[in-house]
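First up is the structure itself, then whatever we jot down about it.
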Amino acid sequence: MAEVASTTIWTFYGPRLLRIMRRGDVAGYNYQPNFLESFSDRIVYTIRAALSATYWCSPVVIVMLYRRGYCNVEGIQGLSKIALSLFAVYALAFLFRGIGRLSNADYRNFMATFVQARNNPCQRTREQLAGYDFEFWGWPVDYKWSPSGADGDKKRRQRNVAANRKSQNQTSQSSSLTVKILGYLAMHSFGQKMIYPGSTSLMNFIVSSMLNQGRANLIEEKNGKRAKIQTEDNNELDTVFVDRRGQHRNGEILVIASEGNAGFYEMGCSGTPIELSYSVLGWNRPGFGGSTGTPWPDSEEKAVEAVVMYAINKLGFEPRNIAVFAWSIGGYSGALMARNFPDIKFVVLDATFDDLVPLAISKMPSSWSNLVTQSVRTYMDLNIAEKLLDYQGPILLIRRTRDEMISTSVPNDSHPDLSTNRGNDLLLKVLQFRYPTIVDNTTLPVMKRFLSLQTFRQVQMLQEKDVEYEVCNELVTQHVAQNGPHFPMNISVDQPGLKEKLSLFLITMHMDNFESTHNAPLPGKFFRKPWIPGARL
Numbered sequence: 001m002a003e004v005a006s007t008t009i010w011t012f013y014g015p016r017l018l019r020i021m022r023r024g025d026v027a028g029y030n031y032q033p034n035f036l037e038s039f040s041d042r043i044v045y046t047i048r049a050a051l052s053a054t055y056w057c058s059p060v061v062i063v064m065l066y067r068r069g070y071c072n073v074e075g076i077q078g079l080s081k082i083a084l085s086l087f088a089v090y091a092l093a094f095l096f097r098g099i100g101r102l103s104n105a106d107y108r109n110f111m112a113t114f115v116q117a118r119n120n121p122c123q124r125t126r127e128q129l130a131g132y133d134f135e136f137w138g139w140p141v142d143y144k145w146s147p148s149g150a151d152g153d154k155k156r157r158q159r160n161v162a163a164n165r166k167s168q169n170q171t172s173q174s175s176s177l178t179v180k181i182l183g184y185l186a187m188h189s190f191g192q193k194m195i196y197p198g199s200t201s202l203m204n205f206i207v208s209s210m211l212n213q214g215r216a217n218l219i220e221e222k223n224g225k226r227a228k229i230q231t232e233d234n235n236e237l238d239t240v241f242v243d244r245r246g247q248h249r250n251g252e253i254l255v256i257a258s259e260g261n262a263g264f265y266e267m268g269c270s271g272t273p274i275e276l277s278y279s280v281l282g283w284n285r286p287g288f289g290g291s292t293g294t295p296w297p298d299s300e301e302k303a304v305e306a307v308v309m310y311a312i313n314k315l316g317f318e319p320r321n322i323a324v325f326a327w328s329i330g331g332y333s334g335a336l337m338a339r340n341f342p343d344i345k346f347v348v349l350d351a352t353f354d355d356l357v358p359l360a361i362s363k364m365p366s367s368w369s370n371l372v373t374q375s376v377r378t379y380m381d382l383n384i385a386e387k388l389l390d391y392q393g394p395i396l397l398i399r400r401t402r403d404e405m406i407s408t409s410v411p412n413d414s415h416p417d418l419s420t421n422r423g424n425d426l427l428l429k430v431l432q433f434r435y436p437t438i439v440d441n442t443t444l445p446v447m448k449r450f451l452s453l454q455t456f457r458q459v460q461m462l463q464e465k466d467v468e469y470e471v472c473n474e475l476v477t478q479h480v481a482q483n484g485p486h487f488p489m490n491i492s493v494d495q496p497g498l499k500e501k502l503s504l505f506l507i508t509m510h511m512d513n514f515e516s517t518h519n520a521p522l523p524g525k526f527f528r529k530p531w532i533p534g535a536r537l
């Protein structure tokens, strides 16, 4: 009797049901609410959206009400009547929505499963609940990461080092109080949403049907397993895991895919390694899709830690069998994974950049440069290169030759200036750190010239410079054999010509060109294991 009462109550308060998933030979189908539930649900969410918009625009709303004479006794009485009317409409819509759900057999069956999973959480009830797709807030937590013991102390030390480094960088910058105040207001009003548009309610609403379809495809066609991860700061992350272990050689490697600033695992870069039969863990950063929170750097770092620890502790992958694949601004998440988990197998970064500040400055009016620098460096310091330098493993960068998003110069009616692609700067910073005796002031000019060329011109330049891959690789192999594979590598080269050849060789080993714009899906042929110094070509 108590369970029936609980099920009835949850029918009114419970999550939206989106889809009944495929079960064996029975095809999946989207949930069809009846008219009473559908109409009432629209009223409920319209009022919620209006209240949310009013809250975020409250300073403007208060000023408007004041100017129109509502800030007096009569005005407040009038506003109170409007509020009571809205509450009455909301309560009635809420009631009728529940009645509509009670009269729908699919929702009743779902709610019975939902309540059973809450009251008796076990593997069997979780599997039954996974037969439905519904609003993710109602999904139970599958894994909670809370740093403790040696692992927790290590992660805290790493974050403290990063925080100290950031504090030192900010201390060296002098900004007026006015710029600091404007920077705070800009970043916390529109700046953060411009950097991460995928976290806005509008974007999530626009793509919701595509996300539902993409998620259904991953679960029904790819046998994906959805899970909720709770982070150290109590954000809840929406993830999906496609397990290919025992099915394909690549399946023994788990690829953790990190999406761009408007990307979601349901329709993002995770499709590339899935096509290549890798095991794949896709996740939505805080504020994206079903994940809660807001994508600030600190919450991003805690999310990254939780995702990787879930892969290790829950999914059973050793760090040496975990690879990182990231696209666009997801390169920051990928670099955090590489820095915080240095034993991971390799890192592939597609269409990403070295530092957000130069990109942000290029997209805004030049007169705003001080404000942009202050606000981004203080509140959204996405310095990918800085994080990536702490990783000793193999790295591959994929540069899109017509990338309009991460190039700082995009002439009107023309392709972006390839020399301004910030992927070039990321590559040079990595190579300068790893090979300081090869990449220096004597070779940087020719390297920058090489990076400014289209692919076919690069091939010509390699031929003109007579770059012999086997010879260059042998020099690196000899150094590794004598000194070990650790960076930085101080490779001794006496001949200026050979040094130049080595610098170009290193570029081709760490970067591939993809003749495309920023948003095109990455073909599988570009996703490969990076070159390892000392390994045979």
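Everything in the sequence shown is counted per UniProt numbering, starting at 1 for the first residue and increasing by one. From the three backbone atoms N, C-alpha and C, an ideal C-beta is built for every residue, glycine too.
task = Starting from the N-terminal side, write out each stretch of the beta strand (DSSP E) that is 3 residues or longer and does not extend beyond the UniProt domain "AB hydrolase-1" (277 to 372).
result = 279 to 283, 322 to 327, 346 to 350
ask   = Excluding the five sequence neighbours on either side, which residues of its own chain have a C-beta within less than 7 Å of the C-beta of Gln116, listed in chain order?
value = Thr125
inquiry  = Across the stretch 336 to 350 and the stretch 361 to 381, are there enough close Cβ pairs to call them in contact, namely three or more that are closer than 8 Å?
reply    = no
inquiry  = Quick check on DSSP: helix, strand or coil for Leu389?
reply    = coil
Neighbour-count burial assignment, Phe325, 16 or more Cβ in a 10 Å radius = Note on Phe325: 16 or more other CB atoms within 10 angstroms of its CB, so buried under the neighbour-count rule.
ask   = What residues in its chain sit with their C-beta under 6 Å from that of Ser291, if we drop five residues either side in the sequence?
value = Leu237, Asp238, Asn284
query = Between Asp355 and Ala385, what straight-line distance do the alpha-carbon atoms span, to the nearest angstrom?
reply = 7 Å
ask   = Does DSSP put Asn483 in a helix, in a strand, or in coil?
value = helix
key: Nearest-angstrom Cα separation, counted from Ser516 out to Gln168   = Bear in mind that the predicted position of Gln168 carries a pLDDT of just 44, short of 50, making it too unreliable to give a figure here.
ask   = At which residues does the alpha helix (DSSP H) containing Glu464 begin and terminate?
value = 455 to 464
key: Whole-angstrom distance between Glu474 and Thr508, CA atom to CA atom   = Just so you know, the alpha carbons of Thr508 and Glu474 end up roughly 15 Å apart.
inquiry  = Among the candidates Asp512, Gly393, Leu537, whose CA atom is the shortest distance from the CA of Phe526?
reply    = Asp512
ask   = Should Gly98 go down as buried or exposed, given a rule of 16 or more other Cβ atoms within 10 Å for buried?
value = buried
ask   = Taking Ala303 as the reference, which of Leu315, Gly316, Tyr332 has the closest Cα?
value = Tyr332
key: Close Cβ partners of Ser38 (< 8 Å) along its chain, the five nearest in sequence each way excluded   = The beta carbon of Ser38 lies closer than 8 Å to those of Gly100 in the same chain, with the five residues before and after it left out.
query = What's the call for residue 541, buried or exposed, on a 16-neighbour Cβ count within 10 Å?
reply = Absent from the model: residue 541. The displayed extent of the chain is 1 to 537, so no value can be given.
Where the beta strand (DSSP E) containing Glu236 begins and where it ends = First-last of the beta strand (DSSP E) with Glu236: 236 to 242.
For Asn513, the first and last residue of its enclosing beta strand (DSSP E) = 511 to 514
query = With C-beta atoms as the reference, is Ser277 less than 8 Å away from Gly251?
reply = yes
request  = May I ask you to list the residues that DSSP assigns as paired with Ser258?
outcome  = Ser258 pairs with Ala326.
ask   = Which one of Gln192, Leu18, Glu305 has the shortest CA to CA distance from Lys144?
value = Glu305
Straight-line gap, Pro533 to Leu506 (C-alpha atoms, nearest Å) = 10 Å
task = Would you identify the three-state DSSP class for Arg528, choosing helix, strand or coil?
result = Per DSSP, reduced to three states, the secondary structure at Arg528 is coil, with no helix or strand assignment.
message = What does the Cβ neighbour count give for Thr7, buried or exposed, with the cut at 16 atoms within 10 Å?
response = Thr7 is buried by the Cβ-count criterion.
task = Tell me whether the beta-carbon of Thr178 lies closer than 8 Å to the beta-carbon of Leu102.
result = In this structure, Thr178 lies away from Leu102, with their beta-carbon atoms at least 8 Å apart.
message = Considering Cα atoms alone, identify which of Arg320, Asn424, Val307, Ala83 is closest to Phe353.
response = Asn424
request  = Look at Pro286 and Gly138 and say whether their C-beta atoms are less than 8 Å apart.
outcome  = no
key: Proximal residues to Ile329 (C-beta, below 6 Å), its chain only, five neighbours per side dropped   = Within the same chain, and ignoring the five residues on either side of Ile329 in sequence, the residues whose Cβ sits closer than 6 Å to its Cβ are Gly260, Asn261.
ask   = Buried or exposed: where does Lys81 fall if 16 or more other Cβ atoms within 10 Å of its Cβ makes it buried?
value = exposed
query = Taking the alpha helix (DSSP H) that Lys448 falls in, what are its first and last residues?
reply = 444 to 451 is the span of the alpha helix (DSSP H), which, as asked, contains Lys448.
task = Count the other C-beta atoms from every protein chain shown that fall within 10 angstroms of the C-beta of Glu301, then say buried if there are 16 or more, exposed otherwise.
result = buried
key: Proximity winner among Ser209, Cys71, Arg249, Pro197, relative to Trp296 (alpha-carbon distances)   = Pro197
message = If contact is defined by three or more beta carbon pairs under 8 Å, each pair taking one atom from either stretch, is the stretch 419 to 439 in contact with the stretch 398 to 411?
response = yes
ask   = Which runs of the beta strand (DSSP E) spanning at least 3 residues fall entirely within the stretch 96 to 144, listed in chain order?
value = 132 to 134
key: Proximal residues to Val476 (C-beta, below 6 Å), its chain only, five neighbours per side dropped   = Pro533
ask   = Since Val242 contacts Ser279 with CB under 8 Å, what's their CB separation in whole angstroms?
value = 6 Å
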